[in-house]
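Colleague: The sequence shown begins at 2 in our numbering and counts up by one.
Every residue, glycine too, gets a C-beta built ideally from N, C-alpha and C.
I'd like to ask some things about the structure below.
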Amino acid sequence: MKVVVHIDEASRWRKALESAFPDATVVTSEAAANERQNADYLAVWQPPEWLLAEQTQLKGIINLGAGVDALLATPGLPAGVPIVKLRDAGMAEPMADYVLYGVLHFYRGFDDYARQQQGAHWHPRPLPDKAEWPVAILGLGAIGQQVAQALAGAGFPVCGWSRHAKHIEGVDCHHGEAGLNAVLGRARTLVTLLPDTAETRGLLDAGRLAQLPEGATLINPGRGALIDERALLDALGDGTAHGHLRGALLDVFTTEPLPAASPLWHHPRVAITPHVSAPTPLDGAIHQVIGYLRTFEAGDTPATVNPGAGY
Ligand code: GLV
């Protein structure tokens, strides 16, 4: 069995796979072309086009992340090769921490206090009751569910929306168009954790952002394509007084890295992080990767991604 690995710090992943499969050949994408070719499996995060195009006998591709949008959009992706992706694999906890930080940032008014500090202005805000701070989560997959439960555990009323009906303890779950309207109309903070698919792209356009209550806040650690960035900027106003929305914490963007010319860099009501909300942890993910390889090698197919649905 030959596996080619492509991800940051790929040699750590290579070593972990070599110890699990001592008879296998495991190389990183930096190996010479003749060492990379004729691989049975790719274990990759955002692989370059050439890495996919040069392979001729793949039995499976393991996406070393939760979202498969980048992989599915890579030209040269061979048709018909089963694709599997990481399902949580240790990303839910850092994601829950990131979102909890963001919710507290707005709930405790740290965005406002940062602006006050700039102006050497002292003006304490009343602390709202958590019961009056509903958080809505769009996307209740493996990660969204744990984020929802972490927020509920921190005392926030949590509602969630997903494509299909779900039942999650402590979370008011909705689905379908009517369900989306219901959760948007309620959210003091909206969290977007949907995959980037044909159905979700541009979901939060001007009309849907306008459905959020006046002064609502937005956290997007999911995918940039979910939100119309121009509409978001319009909804945030010019920064002096807030517009319909009070602020946004964004980890993902339509174009990454975020281009230097983007107005999002400098908007006083936008906080930015560089797609770091939930990096794939080797320790959390390696057992899942090993399990996938064993299943493939045993002649079975693990639960695969549906390229048509995009997740
Ligand atoms: C990160 O963005 C992931 O999809 O795992």
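Please classify SER278 as buried or exposed, where buried requires at least 16 neighbouring CB atoms within 10 angstroms.
Modeller: Translated into positions along the sequence shown, residue 278 becomes position 277. So SER278 counts as buried.
Colleague: Between the segment 140-147 and the segment 250-258, can you find at least three pairs of beta-carbon atoms closer than 8 Å?
Modeller: Touching, no, given that fewer than three Cβ pairs across the two stretches are closer than 8 Å.
Colleague: Please report the straight-line C-alpha distance between ASP89 and ASP98, rounded to a whole angstrom.
Modeller: Sequence index remark: in the sequence shown, residue 89 carries index 88 (1-based). Sequence index remark: in the sequence shown, residue 98 carries index 97 (1-based). Cα-Cα distance, rounded: 14 Å.
Colleague: Going by DSSP, what residue range makes up the beta strand (DSSP E) through ILE138?
Modeller: Translated into positions along the sequence shown, residue 138 becomes position 137. Start and end: 136-139.
Colleague: For ALA67, is the beta carbon positioned less than 8 Å from some heavy atom of the ligand GLV?
Modeller: Counting from 1 along the sequence shown, the entry for residue 67 is found at position 66. Under cutoff, so the answer is yes.
Colleague: Name the one or two DSSP bridge partners that LEU250 has.
Modeller: Start at 1 with the first residue of the sequence shown, and residue 250 comes out as number 249. BP columns for LEU250 point to ILE220, ALA272.
Colleague: Applying the 10 Å Cβ sphere with the 16-neighbour rule, what's the burial state of SER20?
Modeller: Taking the sequence shown and counting its residues from 1, the one referred to as residue 20 is at position 19. The residue is exposed, with fewer than 16 neighbouring Cβ atoms inside 10 Å.
Colleague: Which same chain residues, not among the five before or five after GLU36, have their C-beta less than 6 Å away from its C-beta?
Modeller: The count along the sequence shown starts at 1 and reaches residue 36 at position 35. Cβ within range, chain order: VAL28.
Colleague: Can you have a look at TRP266 and say buried or exposed, based on whether 16 or more other CB atoms are within 10 angstroms of its CB?
Modeller: By 1-based counting over the sequence shown, the position of residue 266 is 265. Exposed, since its Cβ has fewer than 16 Cβ neighbours within 10 Å.
Colleague: Any contact between the segment 196-212 and the segment 77-86? By contact I mean 3 or more CB pairs, one from each, below 8 Å.
Modeller: Contact fails: fewer than three Cβ-Cβ distances are below 8 Å.
Colleague: Within its chain, find whatever has a CB closer than 6 Å to the CB of GLU272; leave out the 5 residues flanking it on each side and keep chain order.
Modeller: Position 271 of the sequence shown, counted from the first residue, corresponds to residue 272. The sequence shown places Ala at residue 272, not Glu. Contacts found: LEU250.
Colleague: ILE84: which of ILE63, ASP301, ARG295 sits nearest, CA to CA?
Modeller: Reading the sequence shown from its first residue, position 83 is the one you call residue 84. Closest option to ILE84, Cα to Cα, is ILE63.
Colleague: Given that a residue counts as buried once 16 or more other Cβ atoms are within 10 Å of its Cβ, and exposed if not, what is ARG15?
Modeller: Position 14 of the sequence shown, counted from the first residue, corresponds to residue 15. That one is buried.
Colleague: For ALA207, which of helix, strand or coil comes out of DSSP?
Modeller: For the purposes of this step, residue 207 is taken as residue 206 along the sequence shown, with counting starting at 1. Helix at ALA207.
Colleague: Just to confirm, are PHE22 and VAL4 a CB contact at a threshold of 9 Å?
Modeller: As a position in the sequence shown, residue 22 is number 21, starting the count at 1. As a position in the sequence shown, residue 4 is number 3, starting the count at 1. Closer than 9 Å, so yes.
Colleague: Tell me which same chain residues have a C-beta within less than 8 Å of the C-beta of PHE111, skipping the five on either side of it?
Modeller: The count along the sequence shown starts at 1 and reaches residue 111 at position 110. Only LEU105 meet the Cβ criterion.
Colleague: Just mark HIS165 as buried or exposed, buried being the case when its beta carbon has 16 or more other beta carbons within 10 Å.
Modeller: For the purposes of this step, residue 165 is taken as the residue at position 164 of the sequence shown. When all chains shown are included, HIS165 counts as exposed.
Colleague: DSSP three-state call for TRP123: helix, strand or coil?
Modeller: Here residue 123 refers to the residue found at position 122 when the sequence shown is read from its first residue. TRP123: coil per DSSP, three-state reduction.
Colleague: Does the ligand GLV have even one heavy atom less than 8 Å from the beta-carbon of VAL253?
Modeller: As a working mapping, residue 253 is identified with position 252 in the sequence shown. Yes, Cβ of VAL253 sits closer than 8 Å to a heavy atom of the ligand GLV.
Colleague: Go ahead and label ASN307 buried or exposed: buried means 16 or more other beta carbons lie within 10 angstroms of its beta carbon, across all protein chains shown.
Modeller: The count along the sequence shown starts at 1 and reaches residue 307 at position 306. Result: exposed.
Colleague: What does the Cβ neighbour count give for ASP130, buried or exposed, with the cut at 16 atoms within 10 Å?
Modeller: Translated into the one-based positions of the sequence shown, residue 130 becomes position 129. Under this definition ASP130 is an exposed residue.
Colleague: Can you determine whether any heavy atom of the ligand FAD sits closer than 8 Å to the C-beta of LEU87, and answer yes or no?
Modeller: Looking at this structure, you won't find the ligand FAD anywhere; what it does contain is the ligand GLV.
Colleague: Helix, strand or coil for TYR312 per DSSP?
Modeller: Within the sequence shown, the letter at position 311 stands for residue 312. Coil.
Colleague: Would you grab the beta carbon distance between VAL148 and LEU194 for me? Rounded to a whole angstrom, and I think it's under 8 Å.
Modeller: The residue given as residue 148 occupies position 147 in the sequence shown. The residue given as residue 194 occupies position 193 in the sequence shown. Indeed they touch by this definition, with Cβ atoms about 6 Å apart.
Colleague: Going by other Cβ atoms of all chains shown within 10 Å of its Cβ, with 16 needed for buried, is GLY208 buried or exposed?
Modeller: In the sequence shown, residue 208 corresponds to position 207, counting from 1. Answer is exposed; the Cβ neighbour count stays below 16.
Colleague: Whole angstroms is fine: what's the gap from ALA226's alpha carbon to VAL253's?
Modeller: If you number the sequence shown from 1, residue 226 lands on position 225. If you number the sequence shown from 1, residue 253 lands on position 252. Approximately 8 Å, taken between the alpha carbons.
Colleague: Measure the alpha-carbon distance for TYR102 versus THR57 and round it to whole angstroms.
Modeller: Counting from one through the sequence shown, the residue named residue 102 turns up at place 101. Counting from one through the sequence shown, the residue named residue 57 turns up at place 56. Cα to Cα, the separation comes out at about 45 Å.
Colleague: Taking the CB atoms as reference points, tell me whether LEU139 and LEU191 lie closer together than 9 Å.
Modeller: Looking up residue 139 in the sequence shown gives position 138. Looking up residue 191 in the sequence shown gives position 190. Against a cut-off of 9 Å, the Cβ pair of LEU191 and LEU139 comes out as a contact.
Colleague: Could you tell me whether any non-hydrogen atom of the ligand GLV is closer than 8 Å to the CB of THR198?
Modeller: As a working note, residue 198 is residue 197 in the sequence shown. Checking every heavy atom of the ligand GLV against the Cβ of THR198, none is found closer than 8 Å.
Colleague: Can you tell me which of the three DSSP states ASP173 falls into?
Modeller: Counting from 1 along the sequence shown, the entry for residue 173 is found at position 172. In this structure, ASP173 counts as strand in the three-state DSSP scheme.
Colleague: Would you identify the three-state DSSP class for GLY61, choosing helix, strand or coil?
Modeller: What you label residue 61 is simply residue 60 of the sequence shown in a count that begins at 1. Strand at GLY61.
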